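These protein sequence lines map, in sequence, to chains A and B.
If you read the first sequence in this note's numbering, its first letter stands for residue 404, the second for the next number, and so on.
If you read the second sequence in this note's numbering, its first letter stands for residue 69, the second for the next number, and so on.
See below for the structure under consideration.
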Amino acid sequence: MAHSSALIAEDIEGYLHAHQHKSLLRFITCGSVDDGKSTLIGRLLYESHLVFEDHLAALEADSKKVGTQGGELDFALLVDGLGAEREQGITIDVAYRFFSTETRKFIVADTPGHEQYTRNMVTGASTADVAVILVDARRGLLTQTRRHSYLVHLLGIDTVVVAVNKLDLVDYSQEVFDRIEADYRQLADALGIRSVTCIPLSALRGDNVVERSPQTPWYDGPTLMQYLETVEVADDSVDGPFRMPVQWVNRPDSEFRGFSGQVVGGRVRPGDRVRVVPTGTTSTVARVVTYDGDLEEAVAGQSVTVTLTDEVDCSRGDVLCAADAPAGAADRFEAHVVWMAESPLEPGRPYLLKTGTRTVQATLSAPGHRIDVNTLERVPAETLHLNEIGVCDLHLDRAVAFDPYERNRETGGFIVIDRLTNGTVAAGLLHSATREATDVHWQAVDVDSAARSRLLGHAPAVVWLTGLSGAGKSTIANLLERRLHTLGVHTYLLDGDNVRHGLNADLGFTEADRVENIRRVGHVARLMADAGLVVVVSFISPFRAERDTARALLPAGQFVEVHVDTPLEVAEARDEKGLYAKARRGELPNFTGIDSPYEPPEHPEVRLDTTALTPDQAAEAVVEHLRSAGVVPR
Amino acid sequence: MSALTHLQRLEAESIRIFREAVAEAERPVMLYSVGKDSAVMLHLAMKAFYPSKPPFPLLHVDTTWKFRAMYEFRDRHVAELGLELLVHQNPDAKARGINPFDHGSALHTDIWKTEGLKQALDQHGFDVAFGGARRDEEKSRAKERVFSVRTAQHRWDPKMQRPELWGLYNVRHNPGESLRVFPLSNWTELDVWQYIHLESIPIVPLYFADKRPVVERDGTLIMVDDERMKLAEGEVPELRSVRFRTLGCYPLTGAIESTADTLPAIIQEMLLTTTSERQGRVIDHDSSGSMEKKKQEGYF
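So this is what it looks like as structure tokens:
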């Protein structure tokens, strides 16, 4: 129940003591004006005795003037704020209301439920522990019920109360209530909402809002107020590993260097090992400092200042984490994005992204799809407009600390800021880092490959020379490039040995490394071909699959596979670098042709039999192919 | 669920707001009105930056018409804390002798406070100003952001206000624009009083009942605080046991009859009475929805 006047009057000290130990519950109410949402909140405020006499006098006057209850108190008028919307009879933003009872203080995020107010509902839900979803008993589950449920679930609310309102208008029918409850549980299961409580009530009449209603003898669950006063909400971040985004480096003098921030996950004690993410350095907590003295332990929710035993590199934006369970660090993500601005998302344009206490530059891809909040279907989309939700790839200009949103809202949520207006244009939820670039869309540019070709006077191509070590690839490649150069063709030669000195210096000769070696060379060749060059690649590249992968990177016709076909015994007999001899002695493991296979191309564009052709003839045969393929002008 | 009490959670949130604003602001300032909300805000600022001092000055936009006890308290308390205090009195209002008796509460408040505040912010180039406003004070404030953007002309434009998700506050603003930041957004009047009690925060003695000279005008008890108070014919101040629920310019602030001279007694009285806090402020009665209008003009 609400404030007990008796206790206040007789034992204020006792009352204050109890009141100081109250907990705090934040909840969101979802529903439209028609569902009686404002009436319900107004009644909660009224019943908790937080409506003062002068407010009440104004309410009485307003009820007579614009009320919809025929002169009776219209509780909705208690909560409808800005002048303009009071006249329109709708609420158009998130309003925060407060009331308290003997055991709890409540912060209510009151949001309008219309589709075009997805932005507001998402904002209100972001800080709520519980959602109260209103359903009109006469109408049952509506499209908006599904929308509200999806959105609160998306934002991480797992505890939902369904207020089946206006039960007085269906004669307090248990049958109606039971059917709505069954329907809702089905919806909740489909969405994955874990805790659902349905309460039959009438906000207007006050049935089961605070006091149990004599009209619903068949209902033995809690009233709405009883439920709100007692519900325990599981919070993964409280029980999870320690997280504290550093807000401010606290340096009152040269002796003290502390990191100020709010603990948003787990707990921390002096002596705990911590890791600074994303920098990765580790240290040990020395003190947990507050104005009220050092703490033995700080828990999620507390704002503290932590000092470390070492002088580590740590600044605003970094996150102090439990060393044995640190947050991830990444610069590419897949994320749900809720667009909140009038001007739509511009894929590829730089925005600012703020997560925790760090702000970085970010570009967002075009969404793979957007989600229709009414049908929950995925719809193809080029961009996101106001109130639309989609899944986008994010590219950040540097790595940030993160946890999946499902595990920690504070380290998994972000906002997007327009660099020109500085407005907050979107919010999003991080789910996972994307290390593969497979989903990255090629940046659309005006100067394209065809334009460059026109300027250069020839088409691009990748001439890929494959063959055994000692087959003569390098010799032929060198002659080929000189020949093309004199013909006015812009070329570049990628040679196996040269690439391994730089770009691929980190790779050895295991099968995996050789595959990676070829993968990188394929991508470099592809970029150079896109730049307009005729790229001559001279690599053993023994595996068919890898060469086919390189081929697949290029537009049809641009990849020219050239098999420098020299029998093993001939190549080994030449052995200009003495490699075969070494390999035979076992000093070069995984040597192609000796103890590692060579898979000859099945259908190369050009096959050069080096036992029949001189190197010059071989090079000219490739040039002739490029002429006939239209790469090089005749 | 969090094991913290509601006051601990409110405190931690306010501290976070302070730190976030300071970390990103170029030139922050705290608006200090000497009232109980300012006292709580100042206490939270001391906590937020400890062991450092709050890295910003306090600004009192003065009207010269505050209670004498407020000036005494202000100077002593700020000196004790070792903070920098800036006092701004609108020179224009001074020159014109603007006062609540001759010019009415609306004009008085507009020139001294609203205009005075803009002058002071512009003069010092403050880009972030902390204010003690709460969402529970008035219906139009229920939707106010924690970080509220103001144009270069200090106007509140609803279109510029940003959605605020989680604890992620957007502190960025263009040159000339500024932010009003409200660390007490989610506190109620009851929270404020309980916190003052729990933390033993010093407040102006006027909040406690005492015998004070008052006259009754239009049903409001006005304290005769100095010789500038113009008494009507036959009006004689009488000593009554009164206190103030809110403090402002003494001619505009109504007292209530009370014997509550301790914090528990004040809280008890507050919970048992059914009159809301702002009723004691004369400015709210000027016209309906007047707070909303004042906000748009640049007053809090």
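No residue lacks a Cβ here, since even glycine has one placed at the ideal position from N, Cα and C.
Quick caveat: nothing in here was measured; it's all calculated off a predicted structure.
Residue from the options whose Cα sits closest to the Cα of residue i
i                : options                                 : result
LEU185 (chain B) : B:SER216, B:PRO123, B:SER101            : B:SER101
LEU331 (chain B) : A:ILE415, A:VAL963, A:ALA986            : A:ILE415
SER70 (chain B)  : A:THR521, A:ASP734, A:ALA701            : A:ALA701
SER435 (chain A) : A:ILE444, A:LEU428, A:TRP867, A:ASP697  : A:ILE444
HIS241 (chain B) : B:VAL217, B:VAL108, B:ASP286, B:ILE290  : B:VAL217
ASP143 (chain B) : B:GLY235, B:ILE166, B:ILE271            : B:ILE271
LEU149 (chain B) : B:ASN167, B:LYS115, B:SER173, B:ASP178  : B:LYS115
LYS207 (chain B) : A:ALA461, A:ASN611, A:TYR575            : A:ALA461
GLY759 (chain A) : A:ASP933, A:LEU1029, A:ARG719, A:VAL782 : A:ARG719
GLY664 (chain A) : A:PRO673, A:ARG678, A:ARG646            : A:ARG646
ASP806 (chain A) : A:GLY793, A:LEU833, A:GLN423            : A:LEU833
Per-residue DSSP class, three states only, for residue i
i                 : result
ILE583 (chain A)  : helix
SER173 (chain B)  : helix
GLN187 (chain B)  : helix
THR442 (chain A)  : helix
LEU558 (chain A)  : coil
ARG549 (chain A)  : helix
ALA1021 (chain A) : helix
ASN653 (chain A)  : strand
HIS788 (chain A)  : coil
TRP621 (chain A)  : coil
VAL973 (chain A)  : helix
6 Å Cβ shell around residue i - same chain, five flanking residues per side excluded
i                : result
THR841 (chain A) : Only weak support exists for where THR841 (chain A) lies, its pLDDT of 33 falling under 50; the coordinates are left without a value.
VAL497 (chain A) : ALA512, THR514, ASN523, THR526, GLY527
GLU839 (chain A) : Per-residue confidence for GLU839 (chain A) stands at a pLDDT of 41, beneath the threshold of 50, marking its modelled position as unreliable; the derived number appears in the next sentence. Cβ neighbours of GLU839 (chain A) beyond the five flanking positions: none.
GLY543 (chain A) : ILE583
LEU572 (chain A) : ARG541
SER944 (chain A) : THR869, ILE921, ARG950
LEU153 (chain B) : LEU126, VAL146
Own chain partners of residue i with C-beta closer than 8 Å, once the 5 adjacent residues on each side are dropped
i                : result
LEU75 (chain B)  : ASP259, GLN262, TYR263, LEU266
SER856 (chain A) : ALA862, PRO863, GLY935
Beta carbon of residue i nearer than 9 Å to that of residue j
i                : j                : result
SER246 (chain B) : ALA197 (chain B) : yes
VAL680 (chain A) : PRO729 (chain A) : yes
ALA928 (chain A) : ALA953 (chain A) : yes
SER529 (chain A) : ARG87 (chain B)  : no
ASN653 (chain A) : SER82 (chain B)  : no
THR633 (chain A) : LEU604 (chain A) : no
TRP133 (chain B) : ASN167 (chain B) : yes
ALA984 (chain A) : GLN961 (chain A) : no
VAL311 (chain B) : ALA277 (chain B) : As written in the sequence, residue 311 (chain B) is Arg, which differs from the Val given in the question. Going by C-beta atoms, ARG311 (chain B) is nearer than 9 Å to ALA277 (chain B).
LYS876 (chain A) : ILE818 (chain A) : no
MET628 (chain A) : THR504 (chain A) : yes
TRP651 (chain A) : PHE250 (chain B) : no
ARG308 (chain B) : LYS279 (chain B) : yes
VAL709 (chain A) : VAL671 (chain A) : yes
N- and C-terminal bounds of the beta strand (DSSP E) containing residue i
i                 : result
ARG676 (chain A)  : 676–680
ILE818 (chain A)  : 816–820
VAL636 (chain A)  : Segment: none, VAL636 (chain A) is in no beta strand (DSSP E) and carries neither H nor E.
PHE662 (chain A)  : 661–665
TYR418 (chain A)  : No beta strand (DSSP E) holds TYR418 (chain A); the alpha helix (DSSP H) holding it covers 415–423.
PRO753 (chain A)  : 753–758
ASP1040 (chain A) : Residue coverage of chain A in this structure runs from 404 to 1037, which leaves residue 1040 (chain A) outside it and unanswerable.
Same chain, Cβ closer than 7 Å to residue i, neighbours up to 5 away in sequence not counted
i                : result
PRO747 (chain A) : THR786, LEU787, HIS788
GLU490 (chain A) : Note that GLU490 (chain A) scores a pLDDT of 44, beneath 50, so its modelled location is shaky; the value from the coordinates is reported in the next line. Nothing listed; no residue qualifies.
ARG801 (chain A) : ASP734, VAL763
GLU303 (chain B) : VAL283
ASP713 (chain A) : SER686
VAL892 (chain A) : HIS861, VAL937, VAL1035
The alpha helix (DSSP H) enclosing residue i, as first and last residue numbers
i                : result
MET138 (chain B) : 136–149
PHE994 (chain A) : Run containing PHE994 (chain A): none; DSSP gives neither H nor E here.
TRP224 (chain B) : Run containing TRP224 (chain B): none; DSSP gives neither H nor E here.
GLY925 (chain A) : 914–933
GLU81 (chain B)  : 74–92
TRP261 (chain B) : 257–267
Test: residue i CB closer than 9 Å to a CB of chain C
i                : result
GLY643 (chain A) : The question asks about chain C, but that chain is absent: this structure's protein chains are A and B.
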